[in-house]
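Student: Residue numbers (our numbering), protein chains in the order written: chain A, 189 to 652; chain B, 189 to 652; chain C, 189 to 652; chain D, 189 to 652. Virtual Cβ for every residue (Gly too), placed ideally from N, Cα, C. Sending over a structure as structure tokens; questions will come in a sec.
There are 4 protein chains.
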Amino acid sequence: MSGVHEECGVVGIYAPQGEDIVRFLYYGLLSLQHRGQEACGIAVTDTGRDELDVNCIKDLGLVSEVFSKETLAALNGNLGIGHVRYSTTGESVRENTQPLVLNYCKGKLSLAHNGNIVNTDELREELIRTGAIFHTTMDSELIAFHIAKNRVHSKSVEEAVYKTAKKLKGAYGLVIMSPKKLIAVRDPFGIRPLCLGRRGKTYIVASESCALNSMGAEFIRDIEPGEIVTITEEGITSNYKLKQETKAHCVFEYIYFARLDSVIDGIKVYDARIKAGELLYKRHPVDADIVTGVPESGIAAAKGFAKASGIPFDLAFHKNSYIGRTFIKPSQSERSIGVQMKLSVLEEVVKDKRVVLVDDSIVRGTTMENLVKMLKKAGAKEVHIRISSPPFMYPCYYGVDVPSNKELIATRKSAEKINETIGGDTLEYLSVEDLQETAKGLMICTACFTGEYKAGQKSNDNEG
Amino acid sequence: MSGVHEECGVVGIYAPQGEDIVRFLYYGLLSLQHRGQEACGIAVTDTGRDELDVNCIKDLGLVSEVFSKETLAALNGNLGIGHVRYSTTGESVRENTQPLVLNYCKGKLSLAHNGNIVNTDELREELIRTGAIFHTTMDSELIAFHIAKNRVHSKSVEEAVYKTAKKLKGAYGLVIMSPKKLIAVRDPFGIRPLCLGRRGKTYIVASESCALNSMGAEFIRDIEPGEIVTITEEGITSNYKLKQETKAHCVFEYIYFARLDSVIDGIKVYDARIKAGELLYKRHPVDADIVTGVPESGIAAAKGFAKASGIPFDLAFHKNSYIGRTFIKPSQSERSIGVQMKLSVLEEVVKDKRVVLVDDSIVRGTTMENLVKMLKKAGAKEVHIRISSPPFMYPCYYGVDVPSNKELIATRKSAEKINETIGGDTLEYLSVEDLQETAKGLMICTACFTGEYKAGQKSNDNEG
Amino acid sequence: MSGVHEECGVVGIYAPQGEDIVRFLYYGLLSLQHRGQEACGIAVTDTGRDELDVNCIKDLGLVSEVFSKETLAALNGNLGIGHVRYSTTGESVRENTQPLVLNYCKGKLSLAHNGNIVNTDELREELIRTGAIFHTTMDSELIAFHIAKNRVHSKSVEEAVYKTAKKLKGAYGLVIMSPKKLIAVRDPFGIRPLCLGRRGKTYIVASESCALNSMGAEFIRDIEPGEIVTITEEGITSNYKLKQETKAHCVFEYIYFARLDSVIDGIKVYDARIKAGELLYKRHPVDADIVTGVPESGIAAAKGFAKASGIPFDLAFHKNSYIGRTFIKPSQSERSIGVQMKLSVLEEVVKDKRVVLVDDSIVRGTTMENLVKMLKKAGAKEVHIRISSPPFMYPCYYGVDVPSNKELIATRKSAEKINETIGGDTLEYLSVEDLQETAKGLMICTACFTGEYKAGQKSNDNEG
Amino acid sequence: MSGVHEECGVVGIYAPQGEDIVRFLYYGLLSLQHRGQEACGIAVTDTGRDELDVNCIKDLGLVSEVFSKETLAALNGNLGIGHVRYSTTGESVRENTQPLVLNYCKGKLSLAHNGNIVNTDELREELIRTGAIFHTTMDSELIAFHIAKNRVHSKSVEEAVYKTAKKLKGAYGLVIMSPKKLIAVRDPFGIRPLCLGRRGKTYIVASESCALNSMGAEFIRDIEPGEIVTITEEGITSNYKLKQETKAHCVFEYIYFARLDSVIDGIKVYDARIKAGELLYKRHPVDADIVTGVPESGIAAAKGFAKASGIPFDLAFHKNSYIGRTFIKPSQSERSIGVQMKLSVLEEVVKDKRVVLVDDSIVRGTTMENLVKMLKKAGAKEVHIRISSPPFMYPCYYGVDVPSNKELIATRKSAEKINETIGGDTLEYLSVEDLQETAKGLMICTACFTGEYKAGQKSNDNEG
């Protein structure tokens, strides 16, 4: 799948015993890079120093571009937060990078945010009425400002965070750093993931468990929806809890965004994808010679399809790992070159075979159309497309960047018509019910497939 | 003189008839570059568009470095402000560049500031008590925040500016841009200069009149101390006036900062420097063969000295104009090379001559020491130093960046001792009374010479 | 495998009918990027213009870094060559990038080289005796110089190339551009690959067939060992042929360097790797639950092993595709983090399983040691290592960059000892005889395994 | 004057006792920067090391841009050469920067060149006939190549240099570095300057004596026209001397290029300019109130004019020292802004005055036209233009970059017509005879005024 983007990942680390944790923030961001490739940043402080200052490096670019050996060496501290941000075109500006580092009544306040707030107009209005100024267009700045305002009449920063969170509508996983505390907050619907880990006496909060693994930390538990966790010198406390809501975990994390080796809310991403493949076969069986998946998005579901069907799984594509952000704009008659540069078919695998091609979704349909053409050109006798999610038809207001309605092929065409365009032999989707089955026991958000927005609807979708 | 830095220059332009004024902002900043070489920026809007957005380019660097043909072409509009900022070492960071461009209750608010506020603690405290957050450490952000706060209960932005200005203590020349207005404010003491000009129907506000010349505009008048000027589609109004204070125009503008071709508060900078030279001769005559000045700082006063004394004026130094921000760190035994790289003596001018060497000030004394050595090595029989200002002994809280007390040679040594160190034959300063005489009719601030701070004293001196 | 590097890839294109071929050079280089990531370049001319000039862009960096939309747009022509160069540390300098573009007696001579010449001392000596000067340390410059020298007494550039090639010892795939000709040369042993393709009336020469696919061109044939192919306006000629030698095709191309979808000298890289896996099972069978490969180097052989053994193939590792040239230097106690950042084990795949882990080679052994640890930590009951090549023991003088002898684990330890260090349950290599079997019918070079250097031995190994 | 460019400066230093001389090369280049602002470089070796390697840093840009504290610290050695190169538009490419550092039969050969060779076709042809290749289009490469060729049959590098120099036609000041020698060569006509100095036991060769001053070295003597000086561990020798020619020292060095504080061939640049001003008055007296010069080019001659006439000298312009390479492209109606940005008139100096305006030359006439307008607008009653050189009418083949004939106003118009265009009250030039008088006793080259090319004519003028 191409065309849909996750909108950020966060990590926060506190080592009360004073260990320098900058490299762990860096490893964490590297392992969360799949959640956002536009920009990234690290803010860090040393709670042992008399003067509590925060050093922050952030910029547009990948983690490997923004941080060098030298810049990392220049940072150090035992308390810090980090952020990666998704990549779109055009509106990415340096001002909108995170973490935000601000001065407020209690010194420095730093914040990184994964998700999207839907009642930003309301939140902004309330501040503007009192004469506020805003330096950015990020909802993260709104959240920070409300925390600062609430801090004035609160006995602690976590109380101020609590009062603020009560007003937020939408999806969020927040890591907040005040001079000697690390606070993590997850929205009451549990839309965005957020989990807790430890490495010796060092505590880590991260969007996904793979970030914990990257630094050799062990997984403790997911932050509960609506929970506010505070990590201080004395350890973890969790005194504030937002009002319970019906859960609405983003199912797209399992289908696509989250890393294959992450575990979110008790469900292994790998298992969910295998299950989706199995269900795809169960609902839409087909007689074929091999099952393959679009790298990397369709591989796991293809393995599940193969397992359920008994049809052998194979890797039919070679992926060029150096394409990166390469500029390719072939002329009209060379339209398929863009896809061909990234993926090439291994003829030996598909020649004279009936192929099941699995992917996680179809957004615009152009990539799939090219892949089918490439498979047929390489000698595939039949190409049966199986999509491990329902047709993608509605915008997401909770932190996923999707193309406009007009660009979504499923909003304009039936599955049958889409298949005609794409040129497959058959095309089948997973149903919403089956999707729910892949995340057994979890209440999921299916808004992008059904249009039911459990956590509210609307408004600004310009951030992550 | 080296070691003392002006701390900024501002320019604002409004062309109600819709002309693109970006190139004029650029010319203005180029001609104000002597007021600050650390950073610069331009913010511009087009009042004719339905959607009133502000485009801003700013960064560390000279005007010629930050703006290229391409970046200038990308900006356009008929209303804009610009800023140049002084250069110090170390704490120059991208976040602290100007203009500030903010969102507030009435859309975009942009602001550029020349000067220094002394009651920042108080201003910050008032905001922080209400839960404010700050992104920078600039007093400019404080001013903008207070304007936004005051705007809520004011009938116009100029009223909000007026209410804010009433609270400000210190020195300031401000240009403020709201969606369809350009506002200029000058502190009640008139410490920093600010003047008004026009080019056809286009109005310009600038720190110095030389900026008006650079764009072919005519000088209208100085903004009066305490005056708030508003330029709208209908023209200029000046409805708000701050409480009158005894004037305290910065005399250093005449002695050193302002460009030789500027006119400030009715006094030509050129005339003031000539006058200073004349008075220097009158008070401290000397028998000599030629008068010369340290380029460029002492040239005009040297001409005045020559005029009054009848001793011929000559240029004794060649200046290397490519030194720029060159790194030169000669070893101990080559200490004088730094000065020699910048200035070399024209032997033919000084050989076997008794030389009067004029400069505007002595800060650390090291440069002057080297110049005297160079003159004597080139054959000068005598070197009589004449300084066109009194000994520099006190810090400035009004927007001038001076070395710490310890580094100021005049706080530690008498003129006689200084001369001994420097190796001149005689050394004489201008008195405070004579200095006043150079700016005849103006009430001047002489705090850096006398320690009398008319506009209040104190605190943060980290901005421009 | 990590630690061994291919040393370059070349591409040359000529469109006699005048089509702009710059984008095809670019696509070709992108698809050859796996052969070299240190530097790249394109040189191009337009044979239709009166003044035949060559434009060249080259620099350190990936193809996606060196060429932007703008730089590509600035180039155009119908005849051109391109080069990618491998990445080592330290001695990569801008001067040593290719293509070389030179002036010689017949105008411009451009050249790009894949391989390594062993008799450079001799070639240099011959030139130096006549008073030559050298701007670089590349053997490519030596080749170009000899061509220029020979050109003086030759009736065509291809004759000069022929005379030069007769003197060259070692491995080379050359693309040479003279004002209106594209010439391709392959060493008589056929060590480095070079093939020919067409796209309509446009001819392409490239190191690997995958480059042809990337631009939608069809494969014509391999350039024969010792063949000199000339492409002019009139088409392809092949009038010069070097003396036949026993072939010595680099078997490492099949094992590791070449792209999985390339076909070299009639053998599909994919087939060779599948075959290697099959033979590995045949010689060293083992009872296990799953077969997996190290991504990407061991995947294909693992599929072959699975096919031969009937043990299911599965993907046990998740690869982080954003690591790039990331700096990771974990402290001593976190040594395994480097590998963990790149690869993570999918616990679900290996838990309680007996695992066969296939890779193409073991260089230093540290990566394999970490992978075994990771698999065991994830619950693998047994880990049986199978290497699809013989132990790597001798340096390569033909264009492959290998670590020094001291770093090669196989030069110091027996397979048994290596397995002890690595911690596998069993460890087996492919024999040289079986390796020959994977490239059935081809005469291969096995110098790195056996120390038999068919094409001569020695000297400078600093280029590509 | 604007529009004419000097084409390079060189410096070479050898400290046989082992002192690190990199900083002195750097100071030397800084002080020669007026001779070329396009590119610069330093090549340095340490004769005390066993392995004699040459480190070279060179790039497009000013000395202050190409060299930072870090890059300078990375270089060190006791023998080195440096180069600055002029600035033109368009064809400045990185490949054409100097010093050239090459490998030849005796190790490393490094070379930097100031001047222009006129028989390059011949020199190139001779090499090309033997099969040479060229990496650049610089005549410096040709020179180096001939030296390398001649070295084969010479007993020393200086003999090879001598044999090469005998073939060179045109203007040159060369510094050449072989592993343990520094060689300096000056063309037999003495067109370009080159002098010798010492600092303790360290020897320095430089284009101008100001470079010696910059490093605290003393002037020894000018290198004689046609002399080849060799500096080794044992000191200075001068065994090779080219055939004597009638001298033809470039008079433009005195008029414009050389720094005011340099002494060339026994004549002080300062004196020559004063003398030119005096003669200008003597030949073309005028009744006026003040004499002023265009900064910096006309200042010294203006002082001479004032001295001879008794009319007071004054500085009428303020120069903006921050313009640099600023982009200014005013619209048609703002044509004069470009000049105004650089220079502004001090009204007080010229108001109601009859002004003599002195400059060194008129190239296109546009700058002078604007200056006259500015003076008149500022109140000057009369403006009498005096040019301290004859009309500039012929191209220079000896290392000066001049506009094409069409752009030279004097080739199209008489002085009278030029004055009409410019708008002065009178306009007078210095005659060729008087020019000769300013450099009394020297044989000068006046080709650009008279078209008499004593040192040969022709050909490629693309370098420095």
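Can you grab the Cα-Cα spacing for the pair B/Tyr-586 / B/Glu-433, in whole Å?
Tutor: Taking the straight line from one Cα to the other gives about 16 Å.
Student: For C/Glu-226, does the count of other Cβ atoms within 10 angstroms reach 16, so buried, or fall short, so exposed?
Tutor: Buried is the call here.
Student: Between the segment 343-357 of chain B and the segment 427-445 of chain B, are three or more C-beta pairs nearer than 8 Å?
Tutor: Contact holds: three or more Cβ-Cβ distances are below 8 Å.
Student: Ends of the alpha helix (DSSP H) at B/Phe-212?
Tutor: Counting along the chain, the alpha helix (DSSP H) containing B/Phe-212 begins and ends at 210-220.
Student: Could you check whether the segment 298-309 of chain C touches the segment 315-331 of chain D, counting it as contact only if at least three pairs of C-beta atoms, one from each stretch, sit closer than 8 Å?
Tutor: The segment 298-309 of chain C is not in contact with the segment 315-331 of chain D.
Student: Under three-state DSSP, which class holds C/Gly-388?
Tutor: C/Gly-388 falls in the coil class under three-state DSSP.
Student: I want to see whether chain A comes within less than 8 Å of B/Ala-320, judged by CB atoms only; does it?
Tutor: B/Ala-320 counts as touching chain A.
Student: For C/Lys-594, which three-state DSSP category applies?
Tutor: Helix, per DSSP.
Student: Between A/Tyr-585 and chain B, is the shortest Cβ-Cβ distance under 8 Å, so that the two count as touching?
Tutor: No, A/Tyr-585 lies away from the interface with chain B (no Cβ there is under 8 Å from its Cβ).
Student: With B/Glu-489 and A/Ile-321 assumed to form a contact (beta carbons below 8 Å), what rounded beta-carbon distance in angstroms separates them?
Tutor: The identity of residue 489 of chain B in the sequence shown is Ala, whereas the question assumes Glu. Going by Cβ atoms, the distance from B/Ala-489 to A/Ile-321 rounds to 45 Å, so no, they are not a contact pair.
Student: Is C/Gly-644 closer than 8 Å to C/Gly-358 when the C-beta atoms are compared?
Tutor: Yes. Within cutoff.
Student: Output, in chain order, the set of chain A residues within a Cβ distance shorter than 8 Å of B/Leu-290.
Tutor: Simply Ile-321, Phe-322 and His-323.
Student: Report the residue ranges of all beta strand (DSSP E) runs contained in full by the segment 381-451 of chain A; include only those spanning at least 3 residues, in chain order.
Tutor: Those beta strand (DSSP E) runs which fall completely within the segment 381-451 of chain A and span 3+ residues are 383-387, 390-394, 406-410, 415-420 and 423-429.
Student: What does B/Lys-141 touch in chain D if you count any residue whose Cβ is under 8 Å from its own?
Tutor: The first residue shown for chain B is 189 and the last is 652, placing residue 141 of chain B beyond what the model contains.
Student: Spell out whether any CB of chain C is found under 8 Å from the CB atom of D/Thr-277.
Tutor: Residue confidence is low: D/Thr-277 scores 38 on pLDDT, short of 50, so the model does not pin down where it sits. No coordinate-derived value is stated.
Student: Taking the DSSP output, what are the residues bridged to A/Ala-653?
Tutor: Any property of residue 653 of chain A remains undetermined from this structure, which presents chain A solely from 189 to 652.
Student: For the beta strand (DSSP E) that D/Glu-616 lies in, which residues bound it at each end?
Tutor: Start and end: 614-617.
Student: Since D/Ile-511 is in the alpha helix (DSSP H), which residue starts that stretch and which ends it?
Tutor: Note, D/Ile-511: premise wrong, no alpha helix (DSSP H); not H, not E.
Student: Short of 8 Å Cβ to Cβ, which residues in the segment 398-415 of chain D face chain B?
Tutor: Here the close residues are Cys-398, Asn-401, Ser-402, Met-403 and Gly-404.
Student: Cβ of A/Lys-246 within 8 Å of Cβ of A/Thr-285?
Tutor: A contact, by the Cβ cut-off of 8 Å.
Student: Are the Cβ atoms of B/Glu-536 and D/Tyr-444 separated by less than 8 Å?
Tutor: Contact: no.
Student: What separation, rounded to the nearest whole angstrom, lies between the Cα atoms of A/Asn-291 and B/His-323?
Tutor: One C-alpha to the other measures close to 7 Å.
Student: Check whether chain D comes within 8 Å of B/Val-251, counting only Cβ atoms and requiring the distance to be less than that.
Tutor: Interface residue, yes.
Student: By the three-class DSSP mapping on this structure, what secondary structure does D/Ile-499 have?
Tutor: In this structure, D/Ile-499 counts as coil in the three-state DSSP scheme.
Student: Check whether the segment 599-616 of chain A and the segment 564-571 of chain A are in contact - that is, three or more C-beta pairs closer than 8 Å.
Tutor: With the cut-off at 8 Å, the segment 599-616 of chain A and the segment 564-571 of chain A touch.
Student: When burial is assigned at 16 or more other CB atoms within 10 Å of the CB, is C/Asn-593 buried or exposed?
Tutor: Exposed, since its Cβ has fewer than 16 Cβ neighbours within 10 Å.
Student: At a CB-CB cut-off below 7 Å, which residues of chain G make contact with B/Lys-456?
Tutor: Here the protein chains are A, B, C and D, and chain G is not one of them.
Student: Within 8 Å of any Cβ in chain B, is that where the Cβ of D/Tyr-391 sits?
Tutor: Answer no: the Cβ-Cβ gap between D/Tyr-391 and chain B never drops below 8 Å.
Student: Residues of chain B with CB under 7 Å from A/Arg-317, in chain order?
Tutor: Neighbours of A/Arg-317 on chain B, chain order: Val-340.
Student: Quick one: is C/Cys-293 near chain D, going by C-beta distance under 8 Å?
Tutor: Yes - at least one Cβ of chain D is within 8 Å of the one on C/Cys-293.
Student: Comparing alpha-carbon positions, which option in A/Lys-369, A/Cys-633, A/Gly-486 and A/Gln-528 lies nearest C/Cys-398?
Tutor: It is A/Gln-528 whose Cα lies nearest to the Cα of C/Cys-398.
Student: Given C/Val-451, which residues of its chain have a CB within under 6 Å of its CB, disregarding the five upstream and five downstream residues?
Tutor: If we look at C/Val-451 and ignore the five residues flanking it on each side, its Cβ neighbours are Ser-397.
Student: I need the DSSP call for D/Gly-161, collapsed to helix, strand or coil.
Tutor: Past the edges of chain D, shown from 189 to 652, lies residue 161 of chain D, and the structure says nothing about it.
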